[in-house]
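Numbering (this note's numbering), first residue to last: 683 to 1130.
Worksheet: one structure, shown below.
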């Protein structure tokens, strides 16, 4: 079996790995580290949990150890782009961990926090910068940062970058990078659009592939319960109250849905927190910190916000609402059964979600085991606090309005011009005359 000591990494890195108890590299690390040490570009297909962060962090740190130089003023020697704040923070933490016996500066920049401090930190330059695309461009536009000194460039989670609409910012960033550089490109999937994006950044890359996104962890037991949408909350609450669940991630499709689940759990005296894009960065950091420390056992998240959540000991993943993109299911349940542990995935599926379930089973090649509703479920559910109603934005999209698998709507979900969200013409109404007190106000001040 290959060991880290066999890969030719610098002594400070071997020492850091030993201090963490790491001896044997993962498959993605075995495939990636040798060509990266040679300075080759790399295109990797690997999902979260495969050890890909170390696969690019270790050879990059080895390069800095063997090629020391001062940090470039107003720039960086290495740029890592991440789709989310949480993932950016996690990547930066990994660099600090592996480079603990080296004198290197590592910074993260992302939105949701004041930009002033980030501008000040960039003045002196930094060795390794981990950034989200939007905030990176903000700093460049304010002349606080340039990319002319970048020697190593990493684009992580490229498929999620595209899903979040970062394709145009990425093309802008590509034009600012120096031609002479080492480039690394990672994605969980590699459809044609992602492959074409990779071609913009890479030069004669080595290609590696580990754990394609269609494969689910063998150590995850996958179950499904068919349940009416209005009864999902009661089922979740009763399950968390009665079953021995150490630590669980609960996934919803929408931000409002995540908040509603937390509100209902707290009404039943079940401590939980939500993490999604509408939360401020301090709120997200606090929720994730409480989950890591075990202060709360249940974290409710949307798919995008969950990118970069790498918390050990997650015993269960609940798909409170099924994802309408099958690959997201694989990303979700990959949050459990880490580091050789076993995990459980439980999906709640109503009539509107059966088609998504079939797509997931087709992608993964796994037939989810059905478990029935608990005995006396309705009677027990009636004893719970009344659930907060769902909002209109939480309802699943109409089936006939869904894009086909692999496609996304190009109109941003707004429908046809002049129409409603479903593309149908809007009803027109005659202007209503002033009524009551408003009528007097119009007479006195004139109409607007």
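Every residue gets a Cβ at the ideal spot worked out from N, C-alpha and C, and that includes glycine.
C-alpha distance - residue i paired with residue j, whole-angstrom precision
i            : j            : result
residue 850  : residue 991  : 26 Å
residue 830  : residue 977  : 44 Å
residue 787  : residue 759  : 10 Å
residue 791  : residue 844  : 20 Å
residue 997  : residue 970  : 16 Å
residue 785  : residue 726  : 28 Å
residue 686  : residue 772  : 22 Å
residue 1037 : residue 891  : 29 Å
residue 852  : residue 815  : 7 Å
residue 793  : residue 1064 : 43 Å
residue 802  : residue 847  : 28 Å
residue 854  : residue 813  : 15 Å
residue 1067 : residue 951  : 10 Å
residue 1181 : residue 696  : Here the chain covers residues 683 to 1130 and nothing more, so residue 1181 does not appear.
residue 774  : residue 1045 : 33 Å
residue 968  : residue 954  : 12 Å
residue 1060 : residue 916  : 9 Å
residue 972  : residue 948  : 15 Å
residue 1132 : residue 742  : Outside the modelled stretch of the chain, which goes from 683 to 1130, sits residue 1132, for which no answer is possible.
residue 797  : residue 750  : 29 Å
residue 1035 : residue 800  : 43 Å
residue 693  : residue 1056 : 56 Å
residue 716  : residue 1050 : 39 Å
residue 1071 : residue 1023 : 37 Å
residue 926  : residue 1025 : 13 Å
residue 747  : residue 721  : 14 Å
residue 863  : residue 1029 : 44 Å
residue 763  : residue 1058 : 50 Å
Own chain, CB closer than 8 Å to residue i, minus 5 neighbours either side, in chain order
i            : result
residue 1054 : 907
residue 805  : 755, 756 and 826
residue 683  : 706
Contacts around residue i, its chain only, beta-carbon distance under 6 Å, and the 5 residues preceding and following it disregarded
i            : result
residue 956  : 940, 941, 944 and 982
residue 958  : 937, 940, 984 and 987
residue 882  : 856
residue 761  : 811, 832 and 835
residue 865  : 723, 835, 883 and 884
residue 737  : 710, 711 and 714
residue 1052 : 906
residue 960  : 937
residue 979  : 929
residue 872  : 727
Whether residue i touches residue j by CB criterion (7 Å)
i            : j            : result
residue 733  : residue 713  : no
residue 910  : residue 1069 : no
residue 888  : residue 740  : no
residue 765  : residue 878  : no
residue 836  : residue 753  : no
residue 1048 : residue 1039 : no
residue 901  : residue 995  : no
residue 744  : residue 691  : yes
residue 1027 : residue 904  : yes
residue 999  : residue 1017 : yes
residue 1062 : residue 920  : yes
residue 735  : residue 701  : no
residue 963  : residue 795  : yes
residue 689  : residue 989  : no
residue 993  : residue 974  : yes
residue 867  : residue 880  : yes
Close Cβ partners of residue i (< 7 Å) along its chain, the five nearest in sequence each way excluded
i            : result
residue 1042 : 1008 and 1011
residue 913  : 1063
residue 1090 : The pLDDT assigned to residue 1090 is 38, lower than 50, so where the model puts this residue is not dependable; a value taken from the coordinates is nonetheless given after this. Around residue 1090: no qualifying Cβ.
residue 859  : 829, 832 and 835
Segment contact, 8 Å Cβ cut-off, at least three pairs: the segment 778–790 with the segment 819–826: no
With three or more C-beta pairs closer than 8 Å as the rule, is the segment 924–938 touching the segment 996–1004? yes
List in chain order: all unbroken alpha helix (DSSP H) runs of 4+ residues lying wholly within the segment 867–934. Complete alpha helix (DSSP H) runs here, min 4: 874–883 and 914–924.
In chain order, which continuous runs of the beta strand (DSSP E) of length 3 or greater are located wholly inside the segment 816–840? You should have 834–837.
If you scan the segment 725–768 from start to end, which runs of the alpha helix (DSSP H) of 4 or more residues do you find wholly inside it? Complete alpha helix (DSSP H) runs here, min 4: 734–748.
Just to confirm the assignment: which complete alpha helix (DSSP H) runs, minimum length 4, are found wholly within the segment 949–1000? 963–975
What residue ranges within the segment 763–800 form continuous alpha helix (DSSP H) runs of no fewer than 4 residues, ordered along the chain? 767–780
Mind pulling the alpha helix (DSSP H) runs of 4 or more residues that sit fully within the segment 1006–1035? 1008–1015
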